[in-house]
């Protein structure tokens, strides 16, 4: 399988295009690896039904038993519960950081600790989320897995 | 994740008891001190190990509260129970005049060291995580 990487200036969004005659095992394996990152989620915003790639979602939050997903500029109400999102999309980099919030690890800019050992999570859109101490172990486990995956990708 | 749970409670008690007794024996040996209440003090060490492990195991259930009040509250509960134990024991057996002071020092020093190590490890973990996030960029 060939991999051709082309830089195009002024492209509004990066895209992958697959040319194939038959999906062989090698191609299927690549697609399988891409699947978590290329998942979509449906929801409503301002009464309109919208579909967003999961990778665009910065975090999910539950407010008054409703679940909202936040992209850079849209707040999307989704049907799934936080537990369903974690169960279905853990591989896409989502991790629980509090009882009412799930963050996308790929959208985290940096962490900061405060005196009371709460961890502040600064996202790439400059929003700040608070991680409870109870979810620290789960978060660092997910981060360790992410680092392992990244190392494997670098070696390949 | 519970660091101390019902499966490892006894193991944690045994390890902390062994460490406390070893520390006690090393200190006594190096200073040439002879403990007149050897048996009583060994059982006190066991009691302190069980009590401290139990109080620290409650930390998991208190994670939604701010760390500093929790750690101070746990310390006060621990030292309170120990002083209560000394007071009760004082009704049945002789206790050293410096019993309260000795137990205060014996509990406070390891507790403060443990809390500081825990606190520093928290910030080191954040530093390492930030390095990973920088690599991911």
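Residue numbers (the working numbering), protein chains in the order written: chain A, 42 to 197; chain B, 12 to 148. Glycine included, every Cβ here is placed at the ideal spot set by N, Cα and C. Quick caveat, the model's predicted, so the values are computed rather than measured.
Interface residue (Cβ-Cβ distance to chain B less than 8 Å): residue 127(A) is not classified as such. Closer than 8 Å to the CB of residue 100(A) there is not a single CB belonging to chain B. At a Cβ-Cβ threshold of 8 Å, residue 74(B) and residue 175(A) count as neighbours. By the Cβ test, the stretch 68-87 of chain A is in contact with the stretch 112-130 of chain A, since at least three Cβ pairs between them sit closer than 8 Å. In chain order, 144 make up the part of chain B whose C-beta sits under 7 Å from the C-beta of residue 149(A).
Using beta-carbon distances, residue 131(B) does not count as an interface residue toward chain A, since no partner is under 8 Å. Scanning its chain for C-beta atoms nearer than 7 Å, with the 5 sequence neighbours on each side dropped, one finds no residue around residue 138(B).
For residue 124(A), the enclosing alpha helix (DSSP H) begins and ends at 123-130. Spanning the alpha carbons of residue 16(B) and residue 71(A) requires a straight line of approximately 41 Å. Within the same chain, 83, 84, 85, 115, 117 come within 8 Å of residue 91(A) by CB-CB distance, once the 5 residues on both sides are set aside. If only uninterrupted alpha helix (DSSP H) runs of at least 4 residues are considered, none is enclosed by the stretch 90-129 of chain B.
Take the alpha-carbon of residue 126(B) and the one of residue 156(A): they are about 13 Å apart. With a cut-off of 8 Å on Cβ pairs, the stretch 102-112 of chain A is not in contact with the stretch 52-60 of chain A, counting fewer than three such pairs.
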